[in-house]
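Q: Protein chains in written order, with the numbering used here: chain A, 1 to 150; chain B, 151 to 300. Where is the CB? At the ideal position from N, CA and C, for every residue including glycine. What you are looking at is a predicted structure, and each value in this text was computed from that prediction instead of being measured. Provided herewith is a single structure, encoded as structure tokens, for subsequent inquiry.
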């Protein structure tokens, strides 16, 4: 049971933008920081933009920024948007299931309960909750100079 | 976010065996009922056997049966056994993660909470809970004659 790479990168792009609250970031910056494909991150940014999680400032000096404060971006909502497939097993889609038991089986209900519990747990977190302590995260991404010990 | 086909088939094989409490079943029977690969189901049976969920009776007239009553087989336990990969995102495995944020990021903790909630929800179900009403399920699998309306 894994989240898709698309969701993984979506969360990481949001965290990257949360670390630059005063400025704009580019896809290139984020891709370099994480060592991931710029093309893939572009697709991620397009979807996050369509969903209002991020916004694009066009023109010279433009870039990306969060669409609203990090404390107003729920992690459950992000994952509901970015994960394409919540059909835990084939029979989640009864019309297309080939399982002979599908009409009577209670497995689907049990797994739906579990999925609800999973997303509810994530609804307790906002993007801001993931960013503590943000200074050490900025340092890890090279967005802030390392501490100089005197 | 999906469970693997291996887990899907594991649950279905257990349900098949739960529908035959008085007799033994064969891989061939179960594979035919579900229209799935006999080879794949054999691998599933091997793992379920090693974990004690099912047992094999060898020899002529032998076959498979549940290793303990369906009411004592927890669905959370089955899924913990059959799902190989609970690393929700790459950084669940910090030693192998390439994400620059891994040392400071709280995403891992949030996703671990959610996974715990998911499995805890499944811990409330046993195999027996999924088998109600078992008579209509037996009928769907052709293990019982259809009701004759007079």
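Would you please verify whether the beta carbon of residue 53 of chain A is less than 8 Å from any beta carbon of chain B?
A: Taking the first chain and counting its residues from 1, one reaches residue 53 of chain A at position 53. It does not; no Cβ of chain B falls within 8 Å.
Q: When we look at the beta-carbon of residue 192 of chain B and count the other beta-carbons within 10 Å, is it buried (16 or more) or exposed?
A: By 1-based counting over the second chain, the position of residue 192 of chain B is 42. Classification for residue 192 of chain B: exposed.
Q: Could you please give me the residues that DSSP links to residue 233 of chain B through a beta bridge?
A: Within the second chain, the letter at position 83 stands for residue 233 of chain B. Beta-bridge pairing links residue 233 of chain B to no other residue.
Q: What does residue 178 of chain B reach in chain A if we use C-beta pairs closer than 8 Å?
A: The residue you call residue 178 of chain B lines up with position 28 of the second chain. Neighbours of residue 178 of chain B on chain A: none; closest Cβ ~15 Å, over 8 Å.
Q: Within this structure, are the beta carbons of residue 207 of chain B and residue 199 of chain B separated by less than 8 Å?
A: The residue labelled residue 207 of chain B in the question sits at position 57 within the second chain. The residue labelled residue 199 of chain B in the question sits at position 49 within the second chain. Not in contact: residue 207 of chain B and residue 199 of chain B (Cβ atoms no closer than 8 Å).
Q: Determine the DSSP secondary structure at residue 150 of chain A, reduced to helix, strand or coil.
A: Indexing the first chain from 1 puts residue 150 of chain A at position 150. Its pLDDT being 45, under 50, residue 150 of chain A is placed unreliably by the model, and the measurement read from it follows with that caveat. Coil, per DSSP.
Q: Could you work out which residue in A:79, A:108, A:51 is closest to residue 225 of chain B when comparing CA atoms only?
A: Numbered from its first residue, the second chain carries residue 225 of chain B at position 75. Nearest option by C-alpha distance: A:108.
Q: Nearest CA to the CA of residue 73 of chain A: which residue from A:136, A:89, A:54, A:35?
A: Along the first chain, read from residue 1 onward, the residue named residue 73 of chain A stands at position 73. The option with the nearest alpha carbon to residue 73 of chain A is A:54.
Q: Whose C-alpha, out of A:117, A:105, A:142, is nearest the C-alpha of residue 286 of chain B?
A: Position 136 of the second chain, counting from 1, holds the residue named residue 286 of chain B. Looking at the Cα atoms, A:105 is the closest of the given residues.
Q: Taking buried to mean at least 16 other C-beta atoms within 10 Å of its own C-beta, is residue 160 of chain B buried or exposed?
A: Numbered from 1 along the second chain, position 10 holds the residue referred to as residue 160 of chain B. It counts as buried.
Q: Using a Cβ cut-off of 8 Å (strictly closer), state whether residue 222 of chain B contacts chain A.
A: Residue mapping note: residue 222 of chain B aligns to position 72 of the second chain, counting from 1. It does not; no Cβ of chain A falls within 8 Å.
Q: Determine, using beta-carbon pairs with one atom in the region 120-127 of chain A and one in the region 24-44 of chain A, whether at least three such pairs fall under 8 Å.
A: Too few Cβ pairs lie closer than 8 Å, so no.
Q: Is the separation between the beta-carbon of residue 111 of chain A and that of residue 89 of chain A shorter than 8 Å?
A: The count along the first chain starts at 1 and reaches residue 111 of chain A at position 111. The count along the first chain starts at 1 and reaches residue 89 of chain A at position 89. Yes. Within cutoff.
Q: Is residue 71 of chain A buried or exposed, if buried means 16 or more other CB atoms sit within 10 Å of its CB?
A: The sequence position of residue 71 of chain A within the first chain is 71, counting from 1. With fewer than 16 other Cβ atoms within 10 Å, it is exposed.
Q: Would you call the CB atoms of residue 291 of chain B and residue 183 of chain B closer than 8 Å?
A: Sequence index remark: in the second chain, residue 291 of chain B carries index 141 (1-based). Sequence index remark: in the second chain, residue 183 of chain B carries index 33 (1-based). Going by C-beta atoms, residue 291 of chain B is nearer than 8 Å to residue 183 of chain B.
Q: Can you give me the C-alpha to C-alpha distance between residue 158 of chain B and residue 164 of chain B, rounded to a whole angstrom?
A: In the second chain, the residue the question calls residue 158 of chain B occupies position 8. In the second chain, the residue the question calls residue 164 of chain B occupies position 14. Looking at the two C-alpha atoms, the distance is approximately 10 Å.
Q: Using CA coordinates, which residue listed in A:26, A:4, A:2 is at the minimum distance from residue 60 of chain A?
A: The count along the first chain starts at 1 and reaches residue 60 of chain A at position 60. Nearest C-alpha to residue 60 of chain A: A:26.
Q: In the DSSP assignment, what are the bridge partners of residue 205 of chain B?
A: Taking the second chain and counting its residues from 1, the one referred to as residue 205 of chain B is at position 55. In the DSSP output, where bridge partners are listed per residue, residue 205 of chain B has B:215.
Q: Residues of chain A with CB under 9 Å from residue 256 of chain B, in chain order?
A: Here residue 256 of chain B corresponds to residue number 106 of the second chain, with the count starting at 1. Residues of chain A passing the Cβ test: 125, 129, 130, 131, 132.
Q: Go ahead and label residue 162 of chain B buried or exposed: buried means 16 or more other beta carbons lie within 10 angstroms of its beta carbon, across all protein chains shown.
A: Taking the second chain and counting its residues from 1, the one referred to as residue 162 of chain B is at position 12. When all chains shown are included, residue 162 of chain B counts as buried.
Q: Taking only beta carbons into account, state which residues of the region 177-199 of chain B come closer than 9 Å to chain A, listed in chain order.
A: Answer in chain order: 183, 184, 185, 186.
Q: With a CB to CB cut of under 7 Å and the five nearest residues on each side skipped, what residues in its chain are close to residue 232 of chain B?
A: Position 82 of the second chain, counted from the start, is the residue given in the question as residue 232 of chain B. Closer than 7 Å at Cβ, skipping near neighbours: 156, 157, 160, 197.
Q: Excluding the five sequence neighbours on either side, which residues of its own chain have a C-beta within less than 7 Å of the C-beta of residue 86 of chain A, listed in chain order?
A: On the first chain, position 86 is the one that residue 86 of chain A refers to. Within the same chain, residue 86 of chain A has close Cβ partners 115.
Q: Using a C-beta to C-beta distance shorter than 7 Å, which residues of chain A count as neighbours of residue 160 of chain B?
A: The residue you call residue 160 of chain B lines up with position 10 of the second chain. Going along chain A, no residue has its Cβ under 7 Å from residue 160 of chain B, so there is no contact; the nearest lies around 10 Å.
Q: Helix, strand or coil, according to DSSP, for residue 4 of chain A in the structure here?
A: Start at 1 with the first residue of the first chain, and residue 4 of chain A comes out as number 4. DSSP places residue 4 of chain A in coil when its eight states are reduced to three.
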